[in-house]
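In my numbering, the protein residues as written are 372 to 810. Just so you know, even glycine gets a beta-carbon here, dropped at the ideal spot from N, CA and C. Take a look at the structure below.
See below:
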């Protein structure tokens with residue numbers, strides 16, 4: 372019984388520790404990169420490209436094949452004396468052949484380069500998929516922080532309202548304000564509690580969204596760390612879009628992928644042109660056979676092995692003359708692919724510039740909104756403090772008090788929203804600037 376009890380206690384402690392485990396942003400990103408299905412599929416495609424690249428290098432090696440044959444003859448056949456006779460015989464043959472491509476107009480080397488560029492492009496596609504997933508995880512993580520801070524603001528508002536209800540009860544008891552004033556304050560608390568419930572639901576949805584991105588099967592105990600957010604500077608420096616773009620051209624995976632694909636098509640064009648040139652290959656062969664006859668006139672096995680074998684070597688030169696314009700068509704199609712990929716590279720650069728310019732504009736606008744909302748929130752807080760002091764001495768009505776409190780709640784909510792929007796927009800611009808996402 373003691374062992375069972377100890378085991379149950381250990382399991383309970385383990386489950387509790389699991390339930391209390393908090394996920395940092397980095398842990399969420401690492402987990403997603405390790406378990407996301409799309410990432411795994413892209414990794415498999417990269418492995419496929421790696422295999423193709425390796426095989427293209429293997430094409431320079433010779434091929435070696437061996438063959439073994441067994442035949443039987445019955446009835447009238449040529450005998451060892453080169454005359455026809457009725458007898459049965461069998462023959463066993465062994466052959467080994469090898470061939471190697473010596474030169475194919477540079478096609479082998481250019482094919483290797485083509486496969487290498489395809490592999491590099493695939494690796495950049497994998498990095499792009501990881502970058503996109505990282506950005507989405509960070510966005511979902513910030514949504515939780517945003518919803519959580521709204522809940523904290525609602526709880527603070529309800530706490531303040533509860534204190535005000537207690538003070539109003541004292542004023543009603545002293546006959547300084549009417550009982551209707553108390554009812555209005557309590558109605559205000561009910562509205563604030565409804566807002567709190569709405570925000571709690573929003574938090575649950577934000578958690579659900581992040582858990583689904585992480586592809587968690589059980590997320591009932593899923594919880595994230597609430598980091599200490601740095602104080603945002605009202606005049607924080609924002610990198611210029613042109614500077615970010617010039618830097619992004621050097622390292623962004625979508626640009627590098629498109630560039631590697633272009634180089635791959637250029638190598639493919641060289642391969643197509645090599646089909647117009649002669650190719651040279653070499654071959655070698657070895658054959659041996661053993662005959663067995665019912666006449667028993669055949670030499671012994673050891674003697675036949677010495678006398679029946681043959682060897683051969685050869686060179687084969689292939690000169691293309693006319694193949695129904697197939698080579699010409701392949702070259703023209705390869706040129707089209709090069710031109711099309713050049714346009715794709717230009718389009719990718721333009722799309723990147725557009726995204727960076729939008730990110731810069733959004734970051735700048737969100738900074739302005741944050742600064743404006745911070746000023747508005749501070750002013751509204753001072754205004755509410757003034758109204759609250761007057762209300763406590765009965766100089767303003769509950770209607771004015773509730774109106775001021777509602778405006779303060781809206782100002783605080785707008786400030787929180789502007790704060791997290793500014794953080795996210797800044798992180799996006801930093802991301803394009805090569806700065807890893809962190810909180």
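Contacts around residue i, its chain only, beta-carbon distance under 6 Å, and the 5 residues preceding and following it disregarded
| i | result |
| --- | --- |
| residue 650 | 475 and 689 |
| residue 472 | 652 |
| residue 372 | The predicted model places residue 372 with a pLDDT of 48, which falls under 50 and marks its position as unreliable; any figure quoted below should be read in that light. Correct list: empty, nothing qualifies. |
| residue 849 | Nothing about residue 849 can be reported from this structure: the residues present for the chain run from 372 to 810 only. |
| residue 394 | 595 |
| residue 396 | 512 and 810 |
| residue 781 | none |
| residue 728 | 612 |
| residue 625 | 499 and 719 |
Rounded C-alpha distance that separates residue i from residue j
| i | j | result |
| --- | --- | --- |
| residue 486 | residue 683 | 35 Å |
| residue 470 | residue 434 | 6 Å |
| residue 760 | residue 399 | 47 Å |
| residue 724 | residue 701 | 35 Å |
| residue 511 | residue 549 | 48 Å |
| residue 481 | residue 645 | 9 Å |
| residue 557 | residue 749 | 26 Å |
| residue 381 | residue 580 | Because the pLDDT at residue 381 is just 48, under 50, the model does not fix this residue reliably, and the point stays unresolved. |
| residue 499 | residue 756 | 51 Å |
Neighbourhood of residue i by C-beta, 8 Å cutoff - its chain only, sequence neighbours within 5 removed
| i | result |
| --- | --- |
| residue 731 | 609, 610, 611, 612, 615 and 800 |
| residue 424 | 483, 486, 487, 489 and 490 |
| residue 555 | 769, 770 and 773 |
| residue 385 | Its pLDDT being 46, under 50, residue 385 is placed unreliably in this model, and the value from its coordinates should be taken loosely. So the list is empty, once near-sequence residues are dropped. |
Beta carbon of residue i nearer than 8 Å to that of residue j
| i | j | result |
| --- | --- | --- |
| residue 686 | residue 655 | no |
| residue 804 | residue 501 | no |
| residue 716 | residue 810 | no |
| residue 643 | residue 577 | no |
| residue 802 | residue 603 | no |
| residue 515 | residue 574 | yes |
| residue 808 | residue 403 | no |
| residue 708 | residue 636 | yes |
| residue 720 | residue 751 | no |
| residue 789 | residue 733 | no |
| residue 647 | residue 698 | yes |
| residue 627 | residue 495 | yes |
Proximal residues to residue i (C-beta, below 7 Å), its chain only, five neighbours per side dropped
| i | result |
| --- | --- |
| residue 497 | 413, 414 and 417 |
| residue 421 | 490 |
| residue 754 | 775 |
| residue 378 | A caution first: residue 378 carries a pLDDT of 47, below 50, which makes its placement in the model too unreliable to give a value. |
| residue 431 | 479 |
| residue 811 | Limits of the chain in this structure are 372 at one end and 810 at the other, which puts residue 811 out of reach. |
| residue 337 | With the chain represented from 372 up to 810, any question about residue 337 goes unanswered, as that position is not in the structure. |
| residue 538 | 763 |
| residue 504 | 403, 404, 407 and 410 |
| residue 436 | 468 |
| residue 388 | Residue confidence for residue 388 is low, a pLDDT of 48 falling below 50, so the modelled location carries little weight and cannot support an answer. |
Residue range of the beta strand (DSSP E) that includes residue i
| i | result |
| --- | --- |
| residue 434 | 434-444 |
| residue 689 | 681-689 |
Run of the alpha helix (DSSP H) containing residue i, from where it starts to where it stops
| i | result |
| --- | --- |
| residue 588 | Looking at the DSSP string, residue 588 is not in any alpha helix (DSSP H), and its letter there is neither H nor E. |
| residue 420 | 408-429 |
| residue 718 | 697-763 |
| residue 523 | 478-544 |
Proximity test, Cβ basis, 8 Å: residue i and chain B
| i | result |
| --- | --- |
| residue 536 | The structure shown has no chain B; it contains just one protein chain. |
Counting pairs of beta carbons, one from the stretch 571-589 and one from the stretch 782-800, are three or more of them closer than 8 Å? no
Taking contact to mean 3 or more Cβ pairs, one atom from each stretch, closer than 8 Å, check whether the stretch 519-527 and the stretch 414-422 are in contact. no
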